[in-house]
Amino acid sequence: MSFEAIGLIPELVEAVKQQGYDKPSPIQLKAIPEVLKGKDLMGAAQTGTGKTAGFTLPILQLLAKGEKARSNCARALILAPTRELAAQVGKSVETYGKHLKLSSMVVFGGVKINPQMMRLRNGVDILVATPGRLLDLHQNNAVKFDQLEILVLDEADRMLDMGFIHDIKRVLRVLPAKRQNLMFSATFSDSIRALAKTIVNDPVEISVSPPNAAAKSVKQWLHPVDKKRKASLLIELIQENKWHQILVFVRTKHGANKLVKTLNGARIKALAIHGNKSQGARTKALAEFKANKIQVLVATDIAARGIDIHQLPQVVNFDLPNVAEDYVHRIGRTGRAGSEGQAVSLVSADEIKQLQDIEQLIQKHITREYIGGFEPNHEVPQSKTIKPLKAKKPKKPKKPKQTKQQVANDSANSKQPNKNKEKNRTIKKGKSVKSKRKPGSRQSTENNIWSGSSKTKTNKG
Ligand code: AMP
């Protein structure tokens with residue numbers, strides 16, 4: 011189905027064509043018509059699925075009609091967890107909205123607030139923000155939400171991981187009750203669902219791309235190596251394979267700085283991007299990396315969120331992440347939008363637990379390749395057999411609550427009231443334990459996100 015067929019106006023169709031997109035991605039196919047209808051939405055989708063265009067395009071179309079933003083007002087608010095993601099989304103808004111007369115702006119912390127306050131005086135149709143800076147601006151009366159029509163919460167799972175829950179709640183308190191809400195998250199855990207209850211209203215639920223599916227267009231393998239020899243092996247791999255644009259993931263900020271020094275020492279141009287770097291330094295590093303002025307960008311997981319470099323050929327996991335889902339996010343940086351990519355991990359014996367968690371999540375063993383001269387003295391133990399993921403059981407509808415009178419009647423009719431009560435309680439307990447899902451168990455299907463498989467359901471509850 012084409013972009014025209016899902017109801018986009020010519021100005022937007024033109025903009026996406028100029029980006030080289032010939033058809034909507036599965037999430038766009040599902041999300042765009044629903045958002046255009048004014049529905050609330052809960053989308054289970056990670057970066058790499060085209061979700062940004064999935065919400066940006068219909069928002070632009072909705073806002074193209076209606077009154078312009080008044081002074082200090084925003085008509086749509088997009089909340090993102092990191093500066094990089096906010097900047098990325100802001101760029102998408104500009105790109106897709108270039109044939110429309112709408113204004114947009116990105117605000118995040120770590121840079122001066124005054125210029126942001128000045129610009130907000132004219133009002134803005136679409137405001138992309140990180141939560142902390144948005145609250146600062148609101149406290150300074152620089153932004154008002156009287157005219158707010160649409161709220162987007164992007165990467166809600168990451169927002170919770172980063173401890174933004176209180177900021178989000180504070181933002182919600184100052185928004186008008188009547189608005190359209192869109193919420194995106196890689197996974198819909200219990201805590202995300204609890205948050206969703208306070209945000210979305212009778213939402214359409216869309217799910218694409220189980221997190222392990224991003225791995226499909228990415229060739230993955232690992233090199234077993236001793237910890238202290240990882241940097242030398244990385245240098246060897248870069249030089250031998252003539253890799254030219256490599257995103258290297260490390261677990262810590264300190265590790266990132268140290269690796270950059272070592273690489274620079276080997277005359278490989280590298281820069282680090284992590285939370286302790288100023289916004290200016292991060293933006294510069296990313297721009298130089300994108301322009302091929304530096305060969306290696308060394309990043310921590312949080313800093314790398316939202317990085318979108320078209321067809322990044324090579325991702326290296328210098329350390330394995332502690333959270334298995336981060337591995338999928340990491341390798342999702344390569345092989346994007348259907349293109350082929352490569353992800354290699356340097357794994358030392360002490361990382362066997364992380365490796366097993368990842369292999370369990372992606373439901374396959376990662377091929378091990380030994381490099382001559384780098385065979386480890388401490389062998390990486392064999393991984394455990396992979397257990398199949400359990401399919402999610404549909405929830406049984408809850409029994410309606412009994413009134414006090416009904417309870418009294420029931421126990422009066424029962425010959426062994428106390429015994430029965432105890433039995434019921436035990437069964438309930440057993441049920442709740444069983445129904446607890448393991449993280450990732452939802453992701454048992456193996457759909458390719460660009461192949462068109464997705465599902466939509468209307469949440470009646
Ligand atoms: P996102 O999931 O929003 O981070 O988007 C991932 C990448 O897919 C970005 O580089 C987009 O430019 C690209 N993209 C988004 N929509 C499409 C589409 N319909 N066809 C091809 N590429 C797309």
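So this note's numbering is basically just the index in the sequence shown, starting at one, shifted up by 10. Cβ atoms here follow ideal geometry from the backbone N, Cα and C, with glycine treated the same way.
Taking non-hydrogen atoms of ligand 1 into account, the C-beta of residue 114 is found less than 7 Å away from none of them. Here residue 138 carries a strand assignment [DSSP, helix/strand/coil].
The bridge partners DSSP lists for residue 344 are 322.
Around the beta carbon of residue 251, fewer than 16 other beta carbons lie within 10 angstroms, which makes this residue exposed.
Remark: C-beta atoms of residue 137 and residue 117 approach each other more closely than 8 Å. Residue 231 and residue 176 have their C-alpha atoms spaced approximately 40 Å apart. Judged by the Cβ position, residue 33 qualifies as a neighbour of ligand 1 at the 7 Å threshold, a heavy atom of the ligand being closer than this. Here residue 200 is exposed. Its C-beta has fewer than 16 other C-beta atoms within 10 Å.
In the structure shown, residue 33 falls within a coil segment according to DSSP collapsed to helix, strand and coil.
Proximity to residue 216 across 61, 113, 135 and 146 peaks at 61, based on C-alpha coordinates. Taking C-beta atoms under 8 Å as the contact rule, residue 110 and residue 240 fail to qualify, at a distance of about 49 Å. In this structure, the beta-carbon distance from residue 91 to residue 169 falls below 8 Å.
Using a Cβ distance threshold of 8 Å, residue 140 and residue 96 count as a contacting pair. DSSP places residue 368 in the helix class (H, G or I) of the three-state scheme. Our two residues, residue 18 and residue 161, have alpha carbons roughly 20 Å apart in a direct line.
Closest in alpha carbon position to residue 88, among 165, 148 and 339, is 165. Annotation for residue 309: 257, 258, 259, 260, 266, 282, 283, 284 and 317 place their beta carbon closer than 8 Å to its own, counting only its chain and skipping 5 residues before and after.
According to DSSP, residue 352 shares a beta bridge with 229 and 324. Membership of residue 102 in any beta strand (DSSP E) is not indicated; the residue belongs instead to the alpha helix (DSSP H) covering 93-106. About 6 Å separates the Cβ atoms of residue 181 and residue 144, confirming a contact at the 8 Å cut-off. Only buried fits residue 167, as 16 or more other CB atoms lie within 10 angstroms of its CB.
Counting along the chain, the unbroken beta strand (DSSP E) around residue 85 starts and ends at 84-89. If the five residues before and after residue 172 are omitted, its C-beta is found closer than 6 Å to the C-beta atoms of 91, all from its own chain and listed in chain order. Excluding sequence positions up to five before and after residue 81, its CB lies within less than 8 Å of the CB of 131, 132 and 133, all in the same chain and listed in chain order. Distances between the C-beta of residue 57 and the heavy atoms of ligand 1 include at least one below 7 Å.
For residue 154, the three-state secondary structure derived from DSSP is strand. Per the DSSP secondary-structure output, residue 308 pairs in a beta bridge with 258 and 282. Counting of Cβ neighbours within 10 angstroms places residue 395 among the exposed residues, the total staying below 16. If you look at residue 201, you'll find it in the alpha helix (DSSP H) that goes 200-207. In terms of Cβ geometry, residue 70 and residue 39 do not form a close pair [threshold 8 Å]. Following the DSSP letters along the chain, one finds residue 210 in no alpha helix (DSSP H), marked with neither H nor E. Residue 371 has its alpha-carbon roughly 26 Å from the corresponding atom of residue 244. Straight through space, the alpha carbons of residue 385 and residue 46 are spaced by roughly 56 Å.
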